[in-house]
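Student: Next up is a structure, given as C-alpha cells.
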Amino acid sequence: MIFQDSISGLNPLLKVGRQVAETLEIHTRLGREEIRRQVLELLAHVRLEDPEIAAGKYPHQLSGGQRQRVMIAMAIASDPKLLIADEPTTALDVTTQLQILGLLQDLQRETGMGMILISHDVSVIRQTCQEVLVMYSGQVMESGLADRVLRHPRHPYTAALIRSVAGVEQKGHPLHTIRGTVAPLEQRQKVEGCVFADRCQIRCERYREPVPLQTLEDGRQIRCHRKGGVENL
Ligand code: SF4
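For what it's worth, the numbering used here labels the leading residue of the sequence shown as -3, then goes sequentially.
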C-alpha cells in the first residue's frame, strides 16, 4: 500500500535506504549484501536519481516527489499482486503528480500487478483507471468503465461531482457545487434509504426506501431509484 502523506508514512529517524531494506528483511530471506543491492535497484527502478546517495538520506532531506518514490519502492519490494494507492499524488505539484502517475502505470505494465487507486481527483482517475467505483458515505453510487462513467454519468452524485470540476470555460460564471454537506457519521448510519438524498438535486419520492444497485444496459451499476439513472443533469 502507498499512503497519501509520505512525510508521516516514513519513519523520520531512519534513512530511507534502511526503511526499504526493512521491507525486504521481513518479506524475503536474502542476505545483507543482496538486500543492499536490491535496495539500490528498487530506488533506481522508481527513478530516484543517484540511488546510492538517496538511500543515505533521511525523509526530510528529500522532496515530496522523492519521498513518494521511496514509498513506492517499499510497496513494490515484496513483489505484490495488488497495489493500493491511497491519494498518492495529493500532496504533490502537478508536474510531479504526472511523473508519479506515469511511474505507477509503467510499474503496473512491467509487473502485471493490479492497482486500486483511491482519489477525489476526477482527472487523475480519468488518466489512470480502467474501471471506477464512485463512493458516497461508504456506499457504491455508480460503477463501470471509467471513461464511460466519467464522460456520461448516470447517478445524480457522479453527475454533480463532474459538474463541480472547475474548468477555464467557466471563467466569469459561478462555480457549480453540491449543495449541503456530508452529514455526521451517526446520522448517516441511521439512514435506511438513499444516503445521498439530502444533497440530491432531483430527490425522488422513494428516497426513504432502501436503494439496491441497478444494472444499466451498458453494464454499469448505479444505486438510485430512478430507472436508468439521469442524463444531462
Ligand atoms: S435514489 Fe432518489 S434521492 Fe437518491 S440519488 Fe437517486 S434520485 Fe436522488
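Beta carbons are placed, not taken as given, at the ideal position from N, Cα and C, and that holds for glycine.
Closest by CA to Pro180, which one among Val42, Leu103, Ile121 and Gly134?
Tutor: Here residue 180 is taken as the residue at index 184 of the sequence shown, counted from 1. Minimum Cα distance to Pro180 is reached at Gly134.
Student: With respect to the beta strand (DSSP E) encompassing Asp82, which residues constitute its N-terminal and C-terminal limits?
Tutor: Looking up residue 82 in the sequence shown gives position 86. Residues Leu78 to Asp82.
Student: Any residue with its C-beta under 7 Å from a non-hydrogen atom of ligand 1 counts. Can you list them all in chain order?
Tutor: His151, Pro152, Tyr153, Cys190, Phe192, Ala193, Cys196, Ile198, Arg199, Cys200, Arg202, Tyr203, Val207, Cys220, His221 and Arg222
Student: Alpha carbon to alpha carbon, how far is Val161 from Leu38? Give it in angstroms, no decimals.
Tutor: Locating residue 38 in the sequence shown gives position 42, where the first residue counts as 1. Locating residue 161 in the sequence shown gives position 165, where the first residue counts as 1. One alpha carbon belongs to Leu38, the other to Val161, and they sit about 36 Å apart.
Student: Please determine whether the Cβ atom of Ser160 lies at a distance below 7 Å from any heavy atom of ligand 3.
Tutor: With respect to small molecules bound, the structure shown includes ligand 1 and not ligand 3.
Student: Are Gly189 and Pro206 close, meaning C-beta to C-beta below 8 Å?
Tutor: As a position in the sequence shown, residue 189 is number 193, starting the count at 1. As a position in the sequence shown, residue 206 is number 210, starting the count at 1. A contact, by the Cβ cut-off of 8 Å.
Student: For Ile72, count neighbouring C-beta atoms within 10 Å of its own C-beta (all shown protein chains included) and say buried if the count is 16 or more, exposed if not.
Tutor: Here residue 72 refers to the residue found at position 76 of the sequence shown. Label assigned to Ile72: buried.
Student: For Ile80, I'd like the list of residues in its chain whose CB is within less than 6 Å of its CB, leaving aside the five on either flank, ordered along the chain.
Tutor: Residue mapping note: residue 80 aligns to position 84 of the sequence shown, counting from 1. Result list for Ile80: Met(-3) and Ile112, in chain order.
Student: Helix, strand or coil: how does DSSP classify Met111 here?
Tutor: Mapped onto the sequence shown, residue 111 falls at position 115. Strand, per DSSP.
Student: Using only CA atoms, which one of Arg122, His116, Leu88 and Ala87 lies nearest to Gln101?
Tutor: Within the sequence shown, residue 101 is the residue found at index 105, counting from 1. The shortest C-alpha separation from Gln101 is found at Arg122.
Student: Whole-angstrom Cβ separation of Ser139 and Arg216, contact assumed at under 8 Å?
Tutor: For the purposes of this step, residue 139 is taken as the residue at position 143 of the sequence shown. For the purposes of this step, residue 216 is taken as the residue at position 220 of the sequence shown. Indeed they touch by this definition, with Cβ atoms about 6 Å apart.
Student: Rounded to the nearest angstrom, how far is the Cβ of Ala40 from that of Gly60, given a contact under 8 Å?
Tutor: Your numbering for residue 40 matches position 44 in the sequence shown. Your numbering for residue 60 matches position 64 in the sequence shown. The Cβ separation is near 20 Å, so there is no contact.
Student: Within 10 angstroms of its Cβ, does Gly13 collect 16 or more other Cβ (buried), or is it exposed?
Tutor: On the sequence shown, position 17 is the one that residue 13 refers to. Per the 10 Å Cβ criterion, buried.
Student: Using CA atoms only, rank isn't needed, just tell me which of Arg184, Val178, Leu157 and Leu26 is closest to His172.
Tutor: By 1-based counting over the sequence shown, the position of residue 172 is 176. The shortest Cα separation from His172 among Arg184, Val178, Leu157 and Leu26 belongs to Leu157.
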